[in-house]
Amino acid sequence: MASQTPRRRRLEVEDIGDIAVVNFVDKKILDEQNIQMIGDDLFRLVDELGRRKVLLNFGNVEFMSSAALGKLITLHRKLQAVQGKLVLCKIAKDILDVFKITKLDRILTITTDEQSGLQSFA
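Here the sequence shown stands for residues 1 to 122, where the numbers follow the UniProt record's numbering.
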């Protein structure tokens, strides 16, 4: 029966100028199916909707599995390939620690809040 339930939105996308600001609906991004759907939605922004500037706001996210990091790296590469840019903001300390351990904080642009995230596209 679970497969019959309508697909729940995992992301909320708001356009601020030419920047797609993405908020995550789920507090925990852990299971493979969720991560796959989130990845698909994020990739669609670039591949189908032609977005070049994407700001991911993690303000609502408390936990995130390492599998989700792979989706972020793929999104970053997709945007780089089209001269776009990915910025992340409002990442919880525990998640930020994982970014630092995996050295993703050196690859990805990470800001403390949405405003500075928006300004980093200037």
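Even for Gly, the Cβ is constructed at its ideal location relative to N, Cα and C.
Contact between G59 and K90 holds: their C-beta atoms lie close to 4 Å from each other, under 8 Å. Less than 8 Å divides the Cβ of S120 from the Cβ of V87. Counting only residues of its own chain and dropping the five nearest sequence neighbours on each side, N23 has a CB closer than 6 Å to the CB of E12, N57. Annotated as proximal: I29 and I38, with beta-carbon spacing under 8 Å.
For the UniProt domain "STAS" (30–122), the full-length alpha helix (DSSP H) segments reaching 4 residues or more read 32–47, 66–81, 93–101, 104–107, 114–119 along the chain. With respect to L72, L108 sits close: the two C-beta atoms are nearer than 8 Å. D26 carries a coil assignment under DSSP once its states are collapsed to helix, strand and coil. Proximity to G117 across R77, V54, E48 peaks at V54, based on C-alpha coordinates. In the displayed model, D18 falls within coil according to three-state DSSP, outside both helix and strand.
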